[in-house]
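Just so you know, the sequence shown maps onto residues 7 to 163 in this note's numbering.
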Amino acid sequence: MNAIRPNPVTVVRASLFALLLPLAGSAYAEDAVASAPKPFAERLAAADRVHGRTVFGRCRTCHYPDKGAGHQNGPSLWNVFGRRAGTQEGFAYYSQALKDSGLVWNPEYLDAWLADPRGFIPGTVMMSLGVPDPQDRADLIAYLMTFREQGSQSPPP
Ligand code: HEC
């Protein structure tokens, strides 16, 4: 009699494959979630201001955030949130594009600008590639939010 029996090795292989398949599937799903930037509010809530200070290093060649430190190649960033774009007193090199943007800086707008400086404000003269990493941007913004006048319109850091 020739009973047809499944080869035990094949059975083990098949069940292993069935076990691993959902694992592989969920790993792919996690990758997809990780690559979509989290909403800004979530990134800001998780922001690391100390790391933000390091990220701000790439801005410091052109900007001082400290009160009274004045302008550099770029305008002072003291108390920038809640202020109309292109209105820092004494800074003479604003582009018409920024002055005409009508923006009042808030953390969300800065996040969008630093993601794509020329896309967000075409015609800006700010020579910066911005900050491509979404969490680095939130960290930088949390750091910058500490440079503000007490009682100003800026939301608390
Ligand atoms: C090479 C010099 C340079 C670098 C680097 C640079 N900026 Fe600027 N920044 C400027 C100039 C110039 C302007 C004015 C832009 C305009 O008028 O279009 C500006 C404008 C700004 C403004 C608007 C200020 C206002 O008064 O409306 C903000 C906010 C800002 N920069 C933040 C940053 C941040 C954050 C970084 C670092 C990721 C950075 N900048 C890097 C030169 C620079």
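Beta carbons are placed, not taken as given, at the ideal position from N, Cα and C, and that holds for glycine.
Treat the numbers as computed from the prediction; the structure is a model and nothing was measured.
Taking each of Pro123, Ala118 and Cys68 in turn and checking the Cα distance to Tyr99, the smallest one comes out for Cys68. Taken through DSSP and simplified to helix, strand or coil, Arg124 comes out as helix.
Shown here, Arg89 sits in coil according to DSSP, grouped into three states, outside any helix or strand. At a threshold of 6 Å, Thr152 does not count as near ligand 1, since its beta carbon sits no closer than that to any of the ligand's heavy atoms. Here Met133 is exposed: its Cβ has fewer than 16 other Cβ atoms, across all protein chains shown, within 10 Å. Across the set Pro43, Gln102 and Val61, the C-alpha of Gln102 shows the shortest separation from the C-alpha of Val131.
At least one heavy atom of ligand 1 lies less than 6 Å from the C-beta of Arg64.
Excluding residues up to 5 positions away in sequence, nothing lies with its Cβ nearer than 6 Å to the Cβ of Pro138 in the same chain. Relative to ligand 1, the beta carbon of Thr60 is positioned no closer than 6 Å to any heavy atom.
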